[in-house]
Structure formats: C-alpha cells, structure tokens
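The structure appears below as structure tokens.
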Amino acid sequence: MLNRLPPKERQIVDLLYQQGAMTAAEVTDGLPGAVSGSAVRTMLKRLEDKGFVRREEHERGFLYSPAVSDQTARKSALSDVVRVFFNGSPTSAASALLGMSDGIEASELDALEKMIAQARKSKGM
Numbered sequence: 003m004l005n006r007l008p009p010k011e012r013q014i015v016d017l018l019y020q021q022g023a024m025t026a027a028e029v030t031d032g033l034p035g036a037v038s039g040s041a042v043r044t045m046l047k048r049l050e051d052k053g054f055v056r057r058e059e060h061e062r063g064f065l066y067s068p069a070v071s072d073q074t075a076r077k078s079a080l081s082d083v084v085r086v087f088f089n090g091s092p093t094s095a096a097s098a099l100l101g102m103s104d105g106i107e108a109s110e111l112d113a114l115e116k117m118i119a120q121a122r123k124s125k126g127m
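So, in structure tokens, the structure goes:
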C-alpha cells in the first residue's frame, strides 16, 4: 500500500507515523532536504485525497495524521515483503527471523511461543 507512493509522499507518511499528528509547517521542517511549504501542503492534500492522511482542525491550524493505523500499515508492508522475498510463505519469513535469534531476548521468544499457542487454539489445533 505505502510502497506505491512517490518517494516524497512516502517520506511524509513515514514522518507522520514516527512523530504523530503534525501541522504542514512541522512536516516541512521534518523532511530531509529543501522542500517548500506549498509543495508539502500540495502533497498532504494529495495524500488526503488518496486516503493515506487525514486532516483535523486544531488551534495550531490543521493537523495531519496517518489515516490508516500503524498496525494495518505494518501488516500490509510485511505482507508485501513475505510475498516478494519469501514466495508468499509466512513460515519461511518466520524462519528467517528466527535465524536472527542471537538478537532476540528470551522474553521475546516466550511471547512468540504464546502467540503460536494462541494461533493453534484459534484454528482448533
């Protein structure tokens, strides 16, 4: 979903996910490189029209924030990665992540085990 956006628009959405709701001026200041305020406002309007950003009136002016929850965006991005790099196999992706287990804490492994148990339970296994 987000990977289909032009690079500057993607930077704006990424910035909003990182920082939370921002004014157009704050977005302009937060972007790398020189981008005019009017260009940022135009991109924000386009992103709003495309359904990636929502705008709310606030005492500081309009505040822009992502229209899609970060959890939904993460799931969509991960689905793309699994499709492209792991031939659509979540098991292969999980295996690759577990191959990086030297960076995983014991508590995180415990949490993964609980999630697997819950997934089995929800499938009636």
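So the sequence shown is numbered by my numbering: it starts at 3 and just counts up by one. Using N, Cα and C, we set each Cβ at its ideal position, and we do this for glycine too.
Within 8 Å, strictly: CB atoms of residue i and residue j
i     : j     : result
Ala69 : Gly53 : yes
Glu11 : Arg62 : no
Ser67 : Arg56 : yes
Ala27 : Leu46 : no
Pro92 : Val84 : yes
Cα-Cα separation between residue i and residue j, rounded to whole angstroms
i      : j      : result
Met127 : Ala95  : 22 Å
Asn5   : Pro34  : 19 Å
Val37  : Met3   : 24 Å
Lys116 : Glu59  : 42 Å
Ala113 : Arg122 : 14 Å
Gly105 : Leu99  : 10 Å
Contact set for residue i: own chain, Cβ-Cβ below 6 Å, skip 5 residues either direction
i     : result
Asp16 : none
Nonlocal neighbours in the same chain, by C-beta distance under 8 Å from residue i, ignoring five residues either side
i     : result
Met24 : Leu17, Leu18, Gly32, Leu65, Tyr66, Ser67
Cutoff 7 Å; reference residue i; Cβ partners in own chain excluding five residues on either side
i     : result
Gln13 : Leu33
- Query: Does the count of Cβ pairs from the stretch 26 to 46 and the stretch 68 to 80 closer than 8 Å reach three?
  - Reply: no
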